[in-house]
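First comes the structure, then the notes that go with it.
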Amino acid sequence: MKKILQIALGILTSIGGFLDVGAIATSAEAGSMFGFHLLWALILGTICVIFLVEMAGRIAAVSKHTLMDAVREHFGFRFQFILLCAEIGIDFLVLASEIGGICIALQLVTGVDFQWWALPVAFCIWLLIWKGTFGLIENGVAFLGLVSLVFVIATFKLHPSLTKLGAGLLPTLPQQDTAHYLFIAVSILGAVISPYLFYFYSSGGREDKWDEGYIGVNRGVAAVGMSFGSVVSLCVLIVAALVLQPKGIQVDSYQQAALMLTQPLGYWGFLLFAATLGIACLGAALEICLDTAYIVSQVFGWNWGASVRPKEAARFSLVYTVFVFLASLLMVIGLDPLKLTLFSMALTAVILPLEIFPFLILMNDERYVGKYRNGWISNSVVIFTIALAFVLAIFSIPLELIAGG
Amino acid sequence: MDVIRDVLDHQLVDRNQKKMGRVDGIVVELRDGQPPRLTYIEVGMPALARRLHPRFEHWIAALQSKWGARRGETFRIPWSQVSDFGIGGVDVVVDLEAEATPALAWEKWLREQIISRIPGASS
Amino acid sequence: MTQEIQLELLLGKPVQDSTGKTIGLIQEVYAEQQGDEWVILEYQLGPAAILKRLSAWRVGQVILPLLRARRTPIGYRVPWDKIDLADLEKLRLLCSLDELKTL
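Listed below in structure tokens is the structure:
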């Protein structure tokens with residue numbers, strides 16, 4: 021019974037982890053510009069991320085070491101230093117984007133400009149981590165995250181044509197605007213396969229004291245949780261395609277994206293869009309903040325943990341404290357949250373090969389994962405994802421320049 | 231024992247399983263006519279910085295000794311105090327009290343000077 | 008005479024034979040306990056030593072053919088007294104290549 025409850029909670033949590041500002045923004049942009057044509061990118065990304073997240077959880081459960089621990093123990097400090105810098109940089113931009121998402125949600129509801137919200141929002145995020153335990157953060161955000169199901173309801177109310185949806189599952193190139201199409205495809209994959217998810221999930225497994233008995237829980241949470249998150253993202257794309265595209269509205273800002281729920285659901289739709297955006301971003305912001313503190317502490321071997329009192333993990337606590345306030349400054353100076361989001365997602369794609377390659381080695385080391393090492397299916401998925409990540413990494417910067425974010 | 235695989239970069243814990251850093255460096259003594267002897271495990275930012283570039287070691291050490299906890303040196307633990315090795319992905323255990331060593335000097339300084347002054351740090 | 012060196016800095020350093028040709032980079036160091044001290048008995052060189060350090064023999068066998076590597080990865084085990092460690096930037100092998108055991 022306890023395990024069933026844990027699976028349920030874990031699944032809810034992964035919705036929170038999956039659905040963040042990046043997923044909402046890229047899906048909305050994709051739907052409004054290219055209809056259903058980019059559905060395949062979301063599905064492809066989801067399959068990759070399910071496998072990788074499952075592995076990140078498995079290594080934590082079996083070896084009692086997190087992904088980042090294992091990376092340093094295998095590849096040494098030099099490789100890890102590069103990885104650490106890249107990951108901190110990406111986390112910084114994505115965290116700023118998430119804070120931006122929360123601020124925009126507050127702006128939509130209150131009318132007060134988003135820049136004013138940045139510091140109060142950063143303070144709330146910090147307070148939740150400072151005072152809260154890992155369980156509180158995990159489960160609280162998960163339950164609030166259920167509001168995102170409003171996109172699923174809206175999709176059903178709009179009756180999308182199933183044949184057209186099916187056609188979107190096959191990758192095709194559009195006749196025009198190819199560069200922008202590919203740029204969005206890269207951004208979607210960057211948003212879905214977000215590296216912070218792996219390190220966070222792996223550390224979370226240690227926070228929850230997983231052992232080999234949790235292999236099944238881990239598999240269920242990864243597969244069902246990520247799929248649920250993916251369904252919500254798919255629905256965002258579908259709603260954007262059905263509501264915004266026919267009117268010729270391209271999502272240049274979150275204010276325009278907010279219109280997508282007003283047609284099926286009226287004024288409530290507008291409020292629920294704001295609520296979904298705010299809560300999904302809050303969940304992701306908490307995770308990224310913790311993730312950064314986790315990886316820094318693990319690289320240097322410091323004591324860490326969200327449930328540990330700040331006094332007992334002083335360096336860990338200092339990292340997230342400084343990090344969240346620095347990231348909020350990007351919003352205080354008024355960077356455009358949507359542009360920053362799309363830019364960070366494409367940038368994520370650049371460092372993806374570096375982040376995924378270690379999986380191939382770690383998940384086959386019997387000293388770490390014992391008899392739970394990867395089978396040929398998992399290894400094939402990792403190799404495929406590395407190859408995919410290489411292609412994305414090569415194309416994302418040229419596309420960024422041509423399509424201009 | 232494969233020293234690089236099983237010891238270098240592994241998590242270092244004290245006798246109470248408290249985390250006290252990682253094995254950032256290993257010191258070896260070369261002797262005439264006898265095989266080289268493993269003498270110390272090193273923990274600390276200067277030792278890590280040296281692995282990126284020799285010059286960084288002095289910068290980090292100078293920085294660390296001027297500000298904050300004012301502890302710039304790398305902490306050395308004799309091999310005789312290592313009670314268990316990280317074979318099979320297990321941590322390196324040393325027979326010490328982490329709090330009493332310079333390995334946690336910065337942790338302690340931050341705790342006292344900054345973290346415990348913020349309300350709610352110990353609850 | 009005794010001299011101190013940092014083991015982690017030895018990692019990845021090339022070792023040259025008597026003709027000045029690099030035979031491989033140091034990738035692993037093997038030590039054993041003798042009495043109450045731990046002593047280094049062997050240095051392991053070459054790509055095979057990397058695979059061994061990463062416990063990646065199995066993966067290596069899948070990946071290397073994919074990358075069209077023509078040979079099986081090479082690796083040497085060099086006894087502790089067969090490398091001259093006097094100059095870390097110029098490590099010299101003190102015996103011939105044929106005398107070394109392979110990994």
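Protein chains in written order, with the numbering used here: chain A, 21 to 425; chain B, 231 to 353; chain C, 8 to 110.
Beta carbons: idealized from backbone N, C-alpha and C, even for Gly.
Remember, it's a predicted structure, so these values are computed and weren't measured experimentally.
Going along the chain, which residues of its own chain have a beta-carbon closer than 7 Å to the beta-carbon of A/V172, five neighbours each way excluded? V251, V252 and C255
Check each residue of the region 81-106 of chain C: if its Cβ is closer than 7 Å to any Cβ of chain B, include it; give the result in chain order. W87 and L92
Three-state secondary structure (DSSP) of C/R99: strand
Have a look at C/Q10, C/G42, C/V46 and C/L100 and flag the residue whose alpha-carbon is nearest the alpha-carbon of C/R84. C/L100
In the DSSP assignment, find the unbroken beta strand (DSSP E) run with C/A5 in it and report its ends. Here chain C comprises residues numbered 8 to 110, so residue 5 of chain C is not present and cannot be evaluated.
Can a CB atom of chain B be found closer than 8 Å to the CB of C/I12? yes
Kindly list, in the order they appear in chain A, the residues whose Cβ is closer than 7 Å to that of B/G298. None at all; the shortest Cβ gap to chain A is about 11 Å.
Contact set for A/G425: own chain, Cβ-Cβ below 8 Å, skip 5 residues either direction: Note that A/G425 has pLDDT 46, beneath the 50 cutoff, so the model's placement of it is unreliable and the number below is only indicative. So the qualifying residues of the chain are F203, K359, L362, F363 and A366.
Given this structure, state the Cα-to-Cα distance separating A/A28 from A/I44, to the nearest angstrom. 23 Å
What would DSSP say about B/E303, mapped onto helix, strand or coil? coil
Any beta carbon from chain B within less than 8 Å of C/L110's own beta carbon? no
Kindly indicate if chain C contains any beta-carbon less than 8 Å away from that of A/L380. yes
Taking all protein chains shown into account, decide if A/C123 is buried (16 or more other Cβ within 10 angstroms of its Cβ) or exposed. buried
A/M88 beta carbon less than 8 Å from that of A/Q318: yes
6 Å Cβ shell around A/L59 - same chain, five flanking residues per side excluded: G188 and L189
Are any of the Cβ atoms in chain B nearer than 8 Å to that of A/P373? no
Measuring CB atoms only, is the region 137-146 of chain A touching the region 333-345 of chain A, in the sense that at least three cross pairs come out at less than 8 Å? yes
If we ignore side chains and look at the alpha-carbon of each, how far apart do A/V244 and A/I24 end up? 13 Å
How about B/M231 and C/E49: do their beta carbons lie closer than 8 Å? no
Using the DSSP secondary-structure output, state which residues sit across from B/V258 in a beta bridge. B/L268 and C/I12
Using C-beta distances below 6 Å, list every residue in its chain close to B/A328, excluding the 5 sequence neighbours before and after it, in chain order. D244, K248, M250 and L334
Across the region 403-412 of chain A and the region 84-94 of chain C, are there enough close Cβ pairs to call them in contact, namely three or more that are closer than 8 Å? no
Nearest CA to the CA of B/S352: which residue from A/E332, A/I422 and A/N399? A/E332
Should B/I345 be flagged as near chain A, meaning a C-beta pair shorter than 8 Å? yes
For a contact defined as C-beta to C-beta under 7 Å, what are the partners of A/H94 on chain C? L61
Please list, in chain order, the residues of the region 318-352 of chain A that have any C-beta partner in chain B closer than 7 Å. F320, G321, W322, N323, R329, P330, K331, A334, R335, S337 and L338
Have a look at A/G55 and B/M275 and give me their C-alpha separation to the nearest angstrom. 52 Å
What is the DSSP secondary structure of A/T86, counted as helix, strand or coil? coil
Relative to the C-alpha of A/P215, which candidate in A/A106, A/V132 and A/Q265 has its C-alpha closest? A/A106
Rounded distance between the beta-carbons of B/A299 and B/I290, thought under 8 Å: In fact, because the Cβ distance is near 13 Å, the residues do not count as touching under 8 Å.
Check whether A/E49 and A/V271 have beta carbons under 8 Å apart: yes
Selected residue, minimal CA-CA separation from C/I81, among C/E96, C/W64, C/L73 and C/I90: C/W64
By alpha-carbon positions, which one of A/K151, A/I397 and A/G120 ends up nearest to A/W137? A/G120
Under 8 Å, do A/A174 and A/P284 count as touching if we go by C-beta distance? yes
Can you give me the start and stop residues for the alpha helix (DSSP H) that B/K338 sits inside? A335 to Q343
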